[in-house]
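Encoded as structure tokens, the structure appears first; notes follow it.
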Amino acid sequence: MQTIDNFNFSGQKVFIRVDFNVPLDEKFNITDDTRIRAAIPTLKKILSDGGCAIIGSHLGRPTGVSEKYSLKHILSRITELLGVHVDFANDCLGREAIEKSAALKPGQALLLENLRFYAAEEGKPRGLADDASEDVIAAAKKAEKANQKEMAKQLASYATVYVNDAFGTAHRAHASTAIIADYFDSDHKLFGYLMQNEIDAVEKVLKNTVRPFTAIMGGSKVSSKIDIIENLLTKVDNLIITGGMTYTFTKALGGNIGNSICEDDKLELALTLMEKANESNVNIVLAVDAKAADSFSNDAKTKIVPVDAIPDHWQGLDIGPDTEKEFAKVIENSKTILWNGPTGVFEFENFTHGSRAVGEAIVRATKKGAFSLVGGGDSVACVNKFGIADQMSYVSTGGGALLEFIEGKVLPGIKAIRGY
Ligand code: AMP
88 MQTIDNFNFS GQKVFIRVDF NVPLDEKFNI TDDTRIRAAI PTLKKILSDG
138 GCAIIGSHLG RPTGVSEKYS LKHILSRITE LLGVHVDFAN DCLGREAIEK
188 SAALKPGQAL LLENLRFYAA EEGKPRGLAD DASEDVIAAA KKAEKANQKE
238 MAKQLASYAT VYVNDAFGTA HRAHASTAII ADYFDSDHKL FGYLMQNEID
288 AVEKVLKNTV RPFTAIMGGS KVSSKIDIIE NLLTKVDNLI ITGGMTYTFT
338 KALGGNIGNS ICEDDKLELA LTLMEKANES NVNIVLAVDA KAADSFSNDA
388 KTKIVPVDAI PDHWQGLDIG PDTEKEFAKV IENSKTILWN GPTGVFEFEN
438 FTHGSRAVGE AIVRATKKGA FSLVGGGDSV ACVNKFGIAD QMSYVSTGGG
488 ALLEFIEGKV LPGIKAIRGY
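Take any residue in the sequence shown, note its place counting from 1, add 87, and you have its number in the working numbering.
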């Protein structure tokens, strides 16, 4: 397999799939350009080698052509960050895209309009009537899959090399993220730096693990983390279960959780997970105390209580100080750390303490040589909020893609290039 470091792009036309799905305000100003910045090293490498870059991305979830989701809004920021003028094609498939990509010279770059303006990118029919029959739905799905192939083939025809640097969409088998790779031989398709770094970080944690390995799983619901927890039970030494999930486990163990968030239909599951952990010699670490609040509000009255003795009408919105110490001890004795999900409602300033304590314990462990991977929306928001992102070994840019990768799934965007 080719690697970006060893590949010489001189004279090549490169179709590069990036994830420039950045948040915009109502005036189309970019409010966070992290995703653009993340792809700049790969773009620079292509251009400085003397290749030209045809850049494809999606933005948002359009259901057709729409001003709101036009990539032209972000063109000037890309030009600014890349330090090279980037041209724009008003459509990713029309004549302008074909002509402009054909005319590109070494060192030049072209941004195509939002790939998702076409349903074929996702390969799923749009706008079907609610009462469409099964036959109609099946025919529409088949037609859209055929369109998807055509779209992939056309995008591929612009280029001699395919580079995928869009980790954020690696879990999607879309025209530009996976199907397109079929039109390039193995010497002419490769991962960009971002994609390679993401893969390396996850595989360092899950495959080449240095022990002890501790995963910290937070967030609100067991149901959304169940597949990850099950996969991690075969891999970790310690599993810290925190955030809103705490209370489903605590209730399952017979504790009083007051009004705390709880999935009553997952109590059995919580017990089963604990049994499985026991069988696999995984040390499950749960909170011992909670910062309870008398309402779901930043200004609520609070008190520290044992996690299994939360008074009626009170709810646990963060971990308590004893739990912080317990978690920190486990984290600081670890050599590999994965953090996904806050310990509490970190959006409320008064309930950030636990998440901050976990973040700081990870910083200390990382300083002592542990490898720490942080990923999945909210924990990334936490490390950014606490100003400690640069003290983690790796902060993933992937949300859903990272979670599916950790679940042990094969991601179509990765498989399309390396075969697994
Ligand atoms: P997730 O998206 O599943 O990772 O969950 C993140 C969300 O869980 C954040 O918005 C937190 O506010 C929320 N959360 C964490 N702990 C609690 C809690 N104790 N009660 C309610 N929500 C929580």
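Glycine is no exception: its CB is placed at the ideal position from the N, C-alpha and C atoms. Remember, predicted model here, so these are calculated numbers, not experimental data.
- For V445, no beta strand (DSSP E) segment is defined; the enclosing uninterrupted segment is the alpha helix (DSSP H) at 440–454.
- In this structure, the ligand AMP has a non-hydrogen atom nearer than 7 Å to the beta-carbon of G403.
- Per DSSP, V292 is one residue of the alpha helix (DSSP H) stretching across 280–293.
- Burial check for I141: the Cβ neighbour count within 10 Å reaches 16 or more, so the residue is buried.
- Taking a contact to require three or more Cβ pairs closer than 8 Å, the segment 194–201 and the segment 164–179 qualify as touching.
- Looking only at K312, K388, V394, Q241, the smallest Cα-Cα distance to L360 is reached by K312.
- Counting C-beta pairs closer than 8 Å gives fewer than three between the segment 112–125 and the segment 146–153, which falls short of the contact rule.
- The closest heavy atom of the ligand AMP lies less than 7 Å from the beta carbon of E434.
- In summary, R443 is buried, with 16 or more beta-carbon neighbours lying within 10 Å of its beta-carbon over all protein chains present.
- Of all alpha-carbon atoms in A265, F271, D376, the one lying nearest the alpha-carbon of I397 is that of D376.
- Annotated three-state conformation of N251 is strand, per DSSP.
- Here S310 has E350, K353 as same chain residues with Cβ atoms under 8 Å from its own Cβ, once five neighbours each way along the sequence are excluded.
- In the three-state reduction of the DSSP assignment, S347 falls in the coil class.
- Proximity of the segment 460–469 to the segment 481–499 meets the contact definition, three or more beta-carbon pairs being nearer than 8 Å.
- Contact between L373 and T333 holds: their C-beta atoms lie close to 6 Å from each other, under 8 Å.
- In the DSSP annotation of this structure, the continuous segment of the alpha helix (DSSP H) that includes F492 starts and ends at 487–493.
- Runs of the alpha helix (DSSP H) lying entirely within the segment 125–158 and spanning at least 4 residues: none are present.
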